[in-house]
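Student: Residue numbers (this note's numbering), protein chains in the order written: chain H, 1 to 97; chain D, 1001 to 1501. For each residue, glycine too, the CB sits at the ideal point set by N, CA and C.
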Amino acid sequence: MSNAHLYMLGGVCLFTLGTYALLTKTQLLRKILAANVMGSGVFLVLIAGAYRSPSGLPDPVPHAMVLTGIVVAISMTALALVLLGRMVPGSRKGDKE
Amino acid sequence: MSLILTVPWMAWSILLPLGGAVATFLSRRYASRLTLLFGMATAVCVGALGWQLALKGPQRHHIGGWQVPVGIDLYADGLAVLMLAVTALVGLLISFYATAYFPKAGQEETGDQNVASSVYFWPLWLFLWGALNALFLSADLFNIYVTLELLGLSAVALSGLSGKAEALSAAMRYLFVSMIGSLSYLLGVALLYNMYGVLDLGLLASEVRPGPTSQAALALITVGLALKTALFPFHFWLPPAHANAPAPVSALLSALVVKASFYLLLRLWLGVFPTVINTTAVDLLGFLGALAIIWGSIQAFRQRRLKLLVAYSTVAQLGYLFLVFPLVLRGGDFTAWGGSAYLAVSHAFAKASIFLASGIIMHVAGHDRIDELAGIGQRLPVTMFALALAGVSLLGLPPSGGFIAKWMLLNAALITGQWWLVAVIILGGLLAAGYVFRMLAHSFTPATWISFEQPVARRMEWSAFALAAVAIALGLVAEPPLTLLQSSTSFAGPGLREMIP
């Protein structure tokens, strides 16, 4: 088993852990964090795949995919945090009680 | 003439809504007018694309001039163009309705619609439109992931637009489902890329081999997309999200957004992975679809609120779409997948009409409790007529788009000798009759005194009516859309034929 396989397996484990936490945790903030762990797992699988390229040089396409994925993950997290802020009254700066 | 045929209309039909979204965000005062303008321009692009397709066959466009496998391709065949056209027509009518539904900036707030929701509706809706068009045209696995996320982001934001507690918690749940769905899809894409090193759907279709990796990837992709399509038992998020949104948003979500992920399932299962799928997998999807029909219909019948009834009916109607997989695998061919696609199209019109009509009823009555709606039919004859016509299509009674579609599915089930599917289709129709009559009965009950005084804009009633009329017209003029569908050659390729016992 090569290093790349080990990383890939680690990515799948992170994805599974994140999914489990997202489904079982009741606190919304924990769920948001769990979704980010899931995302990191997928990114690890992609990066490990790039490393495995037969020519010895890393494949740039998965890198581009991960960069795009990170941008998407940030937007998703931002939207989730805004929704969370709206749901919990008084949690936002400047909210009047 | 030849100039029109060389313009990349595909790219324009994605760029225009996205540009419109930015424009409506910057110029809030003219947002509704700008949306109609950009919407009509997009519809023209889709029309021109349809013309290109009719004259030159399926179209392929290399974005930025880069060839596959380095670049990303857009691809338009009959199915894609039909979905684009449905999106454009349904979208324009809903936009027209929304111009009267949302109060304009500076105007006094009416009912439960606040000005904030009207300010953000227009840009978010145009983003959603751009994401839908990009999704229908993408021929690249990773590009599809990006469009799925764009679609999810704008759909979640739209569903929480009213800012009320139930709407926000429904939006939050929708967001989590959407995240799990797209990350599961992305993990499937990562496995496929590690195995085959391609992302283009056409290249992948020629290289994919059956095996554990392909099956695991397809399973992850399918679970992700089924979550987003609200296939039973993943439907739990749909009723609250669709029922608590403002009426135009409910219509967009139920008519268009859930169809997008189903469209991808159809393309991937039948166009890219026919060699990987086996009978167990297709029977499982068909079985879940059947459960969705029965469970969704029963739940719809039991609801006390009109919008929840309509949302559960979406769960049931989505179940029908999944019957396509066992039907096609056992030789149903165009009768099966054409019927399923046609059902998606006619349901889009019928359900959009019903949600818009429920919005009018809620506006006039101030609530949507079904048992207290007696007499509303006297007050809103046009809306009630729209509701009844759309109900006919939902039931699958002739002449309507729903009838043609269910007839095709029923035929496919008979040809392939799958009697349990015949039974499910017929039972689903009977159950639908139950909830559609429940939806209409109370509203048509005459009341001695009419307590509904709230005025309603004409254009809202007529938009709902026009959508219902199209759902009926799809049953009267079925030839052109079905011919357009049949020109999609990417389905039922050699791989699929070999699978037929």
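1) Does Glu1149(D) have its Cβ less than 8 Å from a Cβ in chain H?
2) By DSSP, does Ala1245(D) sit in helix, in strand, or in coil?
3) Within its chain, find whatever has a CB closer than 7 Å to the CB of Gly1332(D); leave out the 5 residues flanking it on each side and keep chain order.
4) Over what stretch of residues does the alpha helix (DSSP H) that includes Arg86(H) continue unbroken?
5) Is it buried or exposed, Gly1375(D), if we count other Cβ atoms within 10 angstroms and call 16 or more buried?
6) Locate the beta strand (DSSP E) running through Asp1073(D), then write down its first and last residues.
7) Do you know offhand how far Ile1354(D)'s Cα is from Met8(H)'s?
8) Taking the Cβ atom as the reference point for each residue, do Ala1464(D) and Leu1356(D) lie within a distance shorter than 8 Å?
9) Verify the CB distance criterion: does Val1257(D) have a CB-CB separation below 8 Å to chain H?
10) To test your reading of the DSSP string, which unbroken alpha helix (DSSP H) runs of 4 or more residues are found completely within the region 1229-1311 of chain D?
11) I'd like to know whether the C-beta atoms of Ile1361(D) and Thr1335(D) end up nearer to each other than 8 Å.
12) Per the contact definition of three or more C-beta pairs closer than 8 Å, is the region 1167-1175 of chain D in contact with the region 1042-1054 of chain D?
13) For Gly1429(D), name the three-state secondary structure that DSSP assigns.
14) Assuming Ala1348(D) contacts Lys1406(D) under a Cβ cut-off of 8 Å, what Cβ separation, rounded to an integer in Å, is found between them?
15) Give me the Cα-Cα distance between Leu1034(D) and Ala1251(D), rounded to the nearest whole angstrom.
16) Tell me which residue opens and which closes the alpha helix (DSSP H) that Arg1458(D) is part of.
17) Could you check the C-alpha separation between Ser75(H) and Val1477(D) for me, to the nearest Å?
18) State the Cα-Cα distance for the pair Gly1289(D) and Asn3(H), rounded to the nearest angstrom.
19) What separation, rounded to the nearest whole angstrom, lies between the Cα atoms of Tyr1342(D) and Leu1049(D)?
20) What do you get for Asn1133(D), buried or exposed, if any count of 16 or more other CB atoms within 10 angstroms of its CB means buried?
21) State yes or no: is the C-beta of Gly1396(D) within less than 8 Å of the C-beta of Gly1434(D)?
22) In angstroms, rounded to a whole number, what distance separates the CA positions of Phe1121(D) and Leu1161(D)?
23) Would the region 1092-1102 of chain D count as touching the region 1456-1474 of chain D if we require 3 or more Cβ pairs under 8 Å?
24) Cβ closer than 7 Å: which chain H residues qualify as neighbours of Ile1180(D)?
25) From the beta carbon of Phe1524(D), is the nearest beta carbon of chain H less than 8 Å away?
26) Are there 16 or more other CB atoms within 10 angstroms of the CB of Tyr20(H), so buried, or fewer, so exposed?
27) Pick helix, strand or coil for Gln1059(D), following the three-state DSSP scheme.
28) Could you check if Ile1004(D) is buried or exposed, using at least 16 other CB atoms within 10 Å of its CB as the buried criterion?
29) Which residues does DSSP pair with Arg1369(D) in a beta bridge?
30) In its own chain, which residues sit with a C-beta less than 7 Å from the C-beta of Ala1139(D), not counting the 5 before and 5 after it?
31) Please return the same chain residues whose Cβ sits closer than 7 Å to the Cβ of Ala78(H), not counting the five positions on each side in sequence.
32) Given Pro1326(D), which residues of its chain have a CB within under 6 Å of its CB, disregarding the five upstream and five downstream residues?
33) Check distances from the C-beta atoms of the region 1018-1033 of chain D to those of chain H and list, in chain order, the residues that come in under 9 Å.
34) Is there a Cβ from chain D that is less than 8 Å from the Cβ of Val37(H)?
35) Under 8 Å: do the region 1122-1129 of chain D and the region 1177-1186 of chain D share three or more Cβ pairs, one atom per stretch?
36) Report yes or no: is there a C-beta of chain H within less than 8 Å of the C-beta of Asn1194(D)?
Tutor: Based on what the coordinates show:
1) It does: the Cβ of Glu1149(D) has a partner Cβ on chain H nearer than 8 Å.
2) For Ala1245(D), the three-state secondary structure derived from DSSP is coil.
3) Only Ala1412, Ile1415, Thr1416 meet the Cβ criterion.
4) Arg86(H) -> alpha helix (DSSP H) spans 60-87.
5) Buried, since its Cβ has 16 or more Cβ neighbours within 10 Å.
6) Asp1073(D) -> beta strand (DSSP E) spans 1073-1076.
7) Computed Cα separation, rounded: 48 Å.
8) Yes, Cβ-Cβ distance for Ala1464(D) and Leu1356(D) is below 8 Å.
9) False, the Cβ-Cβ gap to chain H never drops below 8 Å.
10) With a minimum length of 4 residues, the continuous alpha helix (DSSP H) runs that stay inside the region 1229-1311 of chain D are 1238-1243, 1247-1252, 1258-1267, 1279-1302.
11) Going by C-beta atoms, Ile1361(D) is not nearer than 8 Å to Thr1335(D).
12) Put simply, the region 1042-1054 of chain D does not touch the region 1167-1175 of chain D. Fewer than three CB pairs are less than 8 Å apart.
13) Here Gly1429(D) sits in helix by DSSP.
14) Not really, about 15 Å apart at Cβ, beyond 8 Å.
15) If I take the Cα positions, the gap works out to 20 Å.
16) It spans 1458-1476 - the alpha helix (DSSP H) in which Arg1458(D) sits, taken as one unbroken run.
17) For Ser75(H) and Val1477(D), the gap between their C-alpha atoms comes out near 44 Å.
18) Their backbone Cα atoms lie some 42 Å apart in a straight line.
19) The alpha-carbon atoms of Tyr1342(D) and Leu1049(D) are separated by roughly 20 Å.
20) Flag for Asn1133(D) reads buried.
21) Taking 8 Å as the cut-off, the Cβ atoms of Gly1396(D) and Gly1434(D) do not count as close.
22) Going by the C-alpha atoms only, they are around 7 Å apart.
23) The region 1092-1102 of chain D and the region 1456-1474 of chain D touch, with no fewer than 3 CB-CB distances between them shorter than 8 Å.
24) The answer, in chain order, is Thr19, Leu22.
25) As shown, chain D starts at 1001 and ends at 1501. That puts residue 1524(D) outside it, with no answer to give.
26) Tyr20(H) is exposed by the Cβ-count criterion.
27) Reduced to three states, the DSSP call for Gln1059(D) is strand.
28) Under a 10 Å Cβ-count criterion, Ile1004(D) is classified as exposed, with fewer than 16 other Cβ atoms of the shown protein chains found around its own Cβ.
29) Partner(s): Arg1305(D).
30) Once the five neighbours on either side are set aside, the close Cβ partners of Ala1139(D) are Asp1073, Leu1074, Tyr1075, Asp1200, Leu1201, Gly1202.
31) Closer than 7 Å at the Cβ level, and outside the excluded window around Ala78(H), lies no residue.
32) Excluding positions up to five away in sequence, the list reads Val1282, Asp1283, Gly1286.
33) None of the residues of the region 1018-1033 of chain D has a beta carbon lying less than 9 Å from any beta carbon of chain H.
34) No, Val37(H) does not count as interfacial toward chain D.
35) Touching, no, given that fewer than three Cβ pairs across the two stretches are closer than 8 Å.
36) Yes, Asn1194(D) lies at the interface with chain H (some Cβ there is under 8 Å from its Cβ).
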